[in-house]
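Everything below concerns the one structure shown next.
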Amino acid sequence: MMNRRYNIINNSLGWLCFLIAGVSYLLTIEPTASFWDCPEFISQGFKLEVGHPPGNPIFMLAARFAINLIGGDVTKVAMAVNSMNALLSAGTIMLLFWTITHLMRRLIVKDGSESISTAKIITIFGSGLVGALAYAWSDTFWYSAVEGEVYSFSSFCTALVFWLILKWENRADMPHSDRYLVLIAYIIGVSIAVHLLNLLCIPAIVLVFYYKKWAAPTAKGSLMALLLSFVIVALILFGLVPGFIEVAQYFELFFVNTLGLGFNTGVIVYTILAVVSFIWSLRELYAQKSATRISVSFIAAIFFSGVPFIGHSLWIPVFVLAGLGVYLATTRKLPVRILTLVTLSVMVIFAGYSSYALLLIRSSAKTPMNQNAPDNVFDLGSYLNREQYGETPRLYGTTFGSDVLRTPDGSPAGTEEYNYAKQVKQNPGDPDRYVKVLSRTRYDYIPQLNMVFPRLYSRDHRAEYMKWAGITESDLPTVACSSTVGYDGKVGPATKRMKRPTFGQNLNYFINYQLVHMYFRYFMWNFAGRQNDLQGNGEVNRGNWISGIPAIDNARLGDQSLLPPDQGRDNKGHNVFYMLPLLLGVAGLLWQSMRGQRGIEQFWVVFFLFFMTGIAIVLYLNQTPSQPRERDYAYAGSFYAFAIWIGLGVGAIAEGLESLLKKKDSTAAGAIASVIGLIVPLQMVSQTWDDHDRSGRYTARDFGMNYLSSLDENAIIFTNGDNDTFPLWYAQEVEGYRTDVRVINLSYLTTDWYAEQQRLPSYQAAPVPMTATALDLANGRRQSGYLMEADTVVPVSDFLRHYYSSEADMPGMGYAVDVAGSISFPVDIDAAVAAGRISPEEAAYAADTIEVDMITALKRKNQGQSIITQGDVLTYDILAAAIDGGWKRPVYFANTVPDSYYLGLQPYMYTTGMAQEVIPVYNADQIKEANTEKAYRNVMERFRWGGLDAEDSGDVYLDETVKRMLASTRNAMLSVASSLIAEGQSQKALDVLMTMDTKLPMCVMPYGVQVGDAVAYYMISLGEQLANDQAIERGEEILRQEIMTAVHYIPYIRSLTPARRATLQASDRAMVEYGDYSYIFDLIVRYVYSVGADSATDYLNEVRDKTGVDLIRMFNLDRMDDSSDDPEVAETAVETSTDSTIS
């Protein structure tokens, strides 16, 4: 009866955790797409399109199911996917509760007990609630729970398999308990098609199995169990996952190239044979009539699963299968139960993994988003292996000083690797066939520069490596190095000395950056506190962990009470937990490990879940410095494991209280411990709610639409990064907005599959014009090239024709070589006017030729090397074809594309909002930055504001990514206003500025260095010119607010040591640094000039009273009076001031 009552309460409280977490997440989900990968994933789910490698077909299908529930409203598609993730995350919290209560019960209740005391029930359920709610409201997990990423689904799978092995633990001695293990295998198979992180649970699962099945487990046995678990992970990750594809490739090649059948015939035959082999093996195992048939069928099933196909050598599967055959033939009695379990487990993993067939099917349908185009099993193999991202050394490899060995003829030494690709058909009736193509070259590097455990490996990050390792160039020792290798593969003698980091320096970087900065910092965000939501790269004022305890924080980071409010107390990402979750978790960890043999066993299980999903990932990723975003989401599983210890911390408190009470009132001890423990998650949610509440935020969708709204009809726009590409794709694919526009990502344009896709129509957008043919670019033929400089100007058509031809081939080198200098694009001015690219007035001074210094542009892009990529060539090709086509397809670059990717076209580019159009009007000095007529129309009539123009916009949470996009929009609008002023259109310029100030107000984000000063200056000067007092008053108010924002930086920067000050970003130092630049000084000068010295003095005295900073004395502004309206008076005062530096 007691157990039944316990189970009812346990189940009820688990669902209560689900409800609490679910409500928290559903109230705070983003109502539309977020930035980064979310728009891409939502688009995948909506139309089952192919996203970036390695894909996530199960997530796609689940998202599609959720989308079906909301009907046909495309504006609710993103909300449906976000809600799905919120509910999956709530399910994770429910499973965490049941996990903690299971572990706690086994620690404090004796096996076989008929009853459980009230005191123990309170302690068990209190621990479950504390641990589950602490994780529910933790920073990292909540972040993923409210957006359309895959990590919520992945976390749910992790929680589910760990909970299932604990359920098995309770039933391990019962008949049919193996069904739990098979179900775990199936969830693992499904999770592979969501994210590979779930495989890292296997060591913990194997330890649970070992401790349950072995009566007297030992340390040696535990190590053997761990070793077995690593073998299982390797067999799945390096065997089944790529092996299934490898076997399918052999079948496909035979059926297509040998038998002459159509593409994917071999894959279909192989899949049928694999399914039949599994069914046969299971039938024989259940029938148990013939040992021979059992053995043969089992070997066949293992063969078709692909598990033995580890590595690139066919000898490995031969030896594995032969060894398996010998074992099965010689064993006295076949282990039928084990063979059945293995067969079923492999089969269900195979079943979950087979969902990748969805990618083959959808890619073959040529969906608009079809990344890597894995429409055949060879491309699917490259897709799943993430080959486009290159390789990262982990255990042994190169360092940042490594160089390629050279053969006797001076060529780089290396091994060419080949793959098969579809043969490009010259006629539609040509038969299907695969051809062998060069996929990549593995270069051989100077062996003396290699090292064990290489962390300092990227040549592109040398300076930042040394910063994090705490070394300089002079600290690097030199070693004798070879530079050549003979044709026989023998490395030549050492001929020079080169610098190589020591293992100690390598280890310093690993500890300082990869372990402390990129893992421990995130860990402490969740369980100690977070300084702010600014991305940190070692600065003392950005993205650090804090505790809220001044003695600890100030010793590490400087006086946190002086931190500017927008980086400290007023930053919504400023969370202080006073280290309470950390201390409770450590208490739980220690208490668990001291609860006898079972406690030690549990500790190692939870520890390896914690380690494998945390530090093991750090070791595997081997991240370089200056990551484009914070990566805490990758370690959510590790934080999940620590939350278990937080829950167990209640048991530690209860036991301590019971000792204090001398075991007189165990019930009171359990109750008090639970209440004390619940303070921790309540403190956490009080801090984390505001920086995880994305309700009312539509920024990613609307800013993406603003890019598209900046374009004329049938436009082509070049983008570059995730956040200026995926939101545009989402707007088109999901909400059907501006489907006449063709969005071309320059990073993808370097690949042949993406270039080929541009030839296809997409919704209302016609194929992209280009002169390159499929054969010109097939199989990476023009992936890269080298241009020899020449003092010539050639028509772009001549350059392209020669570059694509075989005349530019460099035999044996794998790339093209051409001679070029500048290229010219002939312009039909009348056609440009007729197409609306330029006005009739502009035609009078339009250029009849667009001339581009290609060599200079390419050297700027490639650090001084005249290398030209396929993307560069196609950019010129597409522009040339658009011009030759009568300008009917206008060409744009997104404002956020780096200047180096403009390829020398800057003098012909004009802002039209969030994009810059290429037109035949030369503007070398960029005096006029915008096409004012188009830009004004786009900004004033078409732009959307992401919910930031709502009355309560000050409550909308903007993280740093959103703020960066907001700043880009403001800069674009400021550019439009500046160009309108240059043309004398003062009223329109003021309209743009007032719109910016109203729709993107300062209450959501201050303007910042230079921008606020410029906006205020324009508003005040335009207000005076147009007699608009409102504009003048608003400009002066902006100055006051910007001064108040900037002044808080003075005491903070003054308080920092020189070493800490050196870590600050230039934009932070520019607020107050004197000499070359001081933003606050410019603001003061502007304000004095506008309101007069007396009014300015009154306000600066008000600033002094509020902040304690006397700007008048600091800048010696008491020299000013109303007799002068010249801002240079203030500048002179500063020059003569004796207190004009911070020290």
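Following the numbering used here, the numbering of the sequence shown begins with 14 at its first residue and continues without gaps.
We put the beta carbon where it would ideally sit given N, CA and C, even for glycine.
### Task
Please look up how many angstroms separate the CB atoms of Y458 and T411, rounded, as I've assumed it's under 8 Å.
Indeed they touch by this definition, with Cβ atoms about 5 Å apart.
#### Entry: Rounded straight-line distance, which links the Cα of Q544 to that of P563
C-alpha of P563 to C-alpha of Q544: approximately 12 Å in a straight line.
### Query
Ordered along the chain, which non-local residues of its own chain (more than five positions away) have a Cβ less than 7 Å from that of L337?
Cβ neighbours of L337 beyond the five flanking positions: I312, I315.
### Task
Report the three-state DSSP secondary structure of K872 (helix, strand or coil).
In this structure, K872 counts as helix in the three-state DSSP scheme.
### Query
Run through DSSP, which three-state label would E259 get?
Looking at E259 - three-state DSSP - the assignment turns out to be helix.
### Query
With contact counted as at least three CB pairs below 8 Å, one residue from each stretch, are the region 674-687 and the region 915-932 in contact?
Counting Cβ pairs under 8 Å, fewer than three are found: no touch.
### Query
Taking C-alpha atoms, which residue in P66, M511, M97 lies nearest to I42?
The shortest C-alpha separation from I42 is found at M97.
### Task
Would you list the one or two residues that DSSP bridges to K6?
With the chain covering 14 to 1156 only, the question about residue 6 has no answer from this structure.
### Query
What residue range is occupied by the uninterrupted beta strand (DSSP E) comprising G427?
G427: member of the beta strand (DSSP E) spanning 427-435, first to last residue.
### Query
The alpha helix (DSSP H) with I1097 in it runs from where to where?
For I1097, the enclosing alpha helix (DSSP H) begins and ends at 1092-1104.
### Task
Kindly indicate which residue of D765, A728, E769, W766 has the alpha-carbon position closest to the one of V756.
Per the Cα distances, A728.
### Query
Hey, would you say I323 sits closer than 9 Å to L248, going by beta carbons?
A distance below 9 Å separates the beta carbons of I323 and L248.
#### Entry: Euclidean distance between Cα positions of G662 and T701
Straight through space, the alpha carbons of T701 and G662 are spaced by roughly 22 Å.
### Query
Which residues mark the beginning and the end of the beta strand (DSSP E) in which Q439 is found?
From DSSP, Q439 is part of no beta strand (DSSP E); its letter is neither H nor E.
### Message
Restricting to Cα atoms, I'd like to know which of I1033, T974, V1024 is closest to Q1000.
### Response
It is I1033 whose Cα lies nearest to the Cα of Q1000.
### Query
CB-CB under 6 Å to I329, same chain, minus the five flanking residues each way: which ones, in chain order?
For I329, where only same-chain residues beyond five positions count, the Cβ hits under 6 Å are I323.
### Query
Does DSSP classify D753 as helix, strand or coil?
Reduced to three states, the DSSP call for D753 is coil.
### Query
Taking the alpha-carbon positions, what's the Y1062 to R1082 distance?
Taking the straight line joining both Cα atoms gives about 8 Å.
### Task
Take the Cβ of G27 as the centre, count every other Cβ of all protein chains shown within 10 Å, and call the residue buried at 16 or more, exposed below.
It counts as buried.
### Message
I'd like to know whether the C-beta atoms of A1029 and L1013 end up nearer to each other than 9 Å.
### Response
Taking a C-beta distance under 9 Å as the contact criterion, A1029 and L1013 do not qualify as a contact pair.
### Message
Tell me whether the region 150-161 and the region 190-203 touch, counting them as touching only if at least three CB pairs, one residue from each stretch, are closer than 8 Å.
### Response
In short, these stretches do not touch, since the Cβ pair count stays below three.
### Message
Going by beta-carbon coordinates alone, are G139 and A667 separated by less than 9 Å?
### Response
Contact flag set, yes.
### Query
With burial defined as no fewer than 16 other Cβ atoms inside 10 Å of the residue's Cβ, what is the status of M237: buried or exposed?
M237 is exposed by the Cβ-count criterion.
### Task
Report the rounded CA-to-CA distance for A995 versus L987, giving the unit in angstroms.
Going by the C-alpha atoms only, they are around 12 Å apart.
### Query
Just how far apart, CA to CA, sit P1019 and K60?
C-alpha separation (whole angstroms): 39 Å.
### Message
Can you find the residues in the same chain that come closer than 6 Å, C-beta to C-beta, to F838, ignoring five residues on each side of it along the sequence?
### Response
These residues qualify, in order along the chain: V809, I863, A893, I896.
### Anticipated Cβ contact below 8 Å, V589 with G542, distance rounded
Between G542 and V589 the Cβ distance is about 4 Å, and since that is below 8 Å, they are a contact.
### Query
Could you give the residue range of the alpha helix (DSSP H) that holds Q1078?
Counting along the chain, Q1078 sits inside no alpha helix (DSSP H), nor does DSSP assign it H or E at all.
### Query
In chain order, what residues of the same chain have a beta carbon less than 8 Å from the beta carbon of I1045, not counting five sequence neighbours either side?
Correct list, in chain order: M1032, I1033, G1036, E1037, S1103.
### Query
Is the beta carbon of A656 sitting closer than 9 Å to the one on L116?
The answer is no: Cβ separation not under 9 Å.
#### Entry: Those runs of the alpha helix (DSSP H) which lie wholly inside the region 951-1015 and span at least 4 residues
Along the region 951-1015, the alpha helix (DSSP H) occurs as fully enclosed runs of 4 or more residues at 973-995, 999-1012, listed in sequence order.
### Task
Can you have a look at T1058 and say buried or exposed, based on whether 16 or more other CB atoms are within 10 angstroms of its CB?
Buried, by the Cβ-count rule.
### Query
Who are the near neighbours of Y935 in its chain, counting only those whose CB is closer than 7 Å to its CB and skipping five residues on each side?
When the five nearest sequence neighbours on each side are left out, the beta carbons in the same chain lying within less than 7 Å of the beta carbon of Y935 are those of A860, P920, Y921, in order along the chain.
### Query
Can you name the start and end residues of the beta strand (DSSP E) that G834 belongs to?
Here the beta strand (DSSP E) through G834 covers 829-839.
### Extent of the continuous alpha helix (DSSP H) to which K60 belongs
K60: member of the alpha helix (DSSP H) spanning 51-60, first to last residue.
### Message
Quick check on I863: does DSSP put it in helix, strand or coil?
### Response
Looking at I863 - three-state DSSP - the assignment turns out to be strand.
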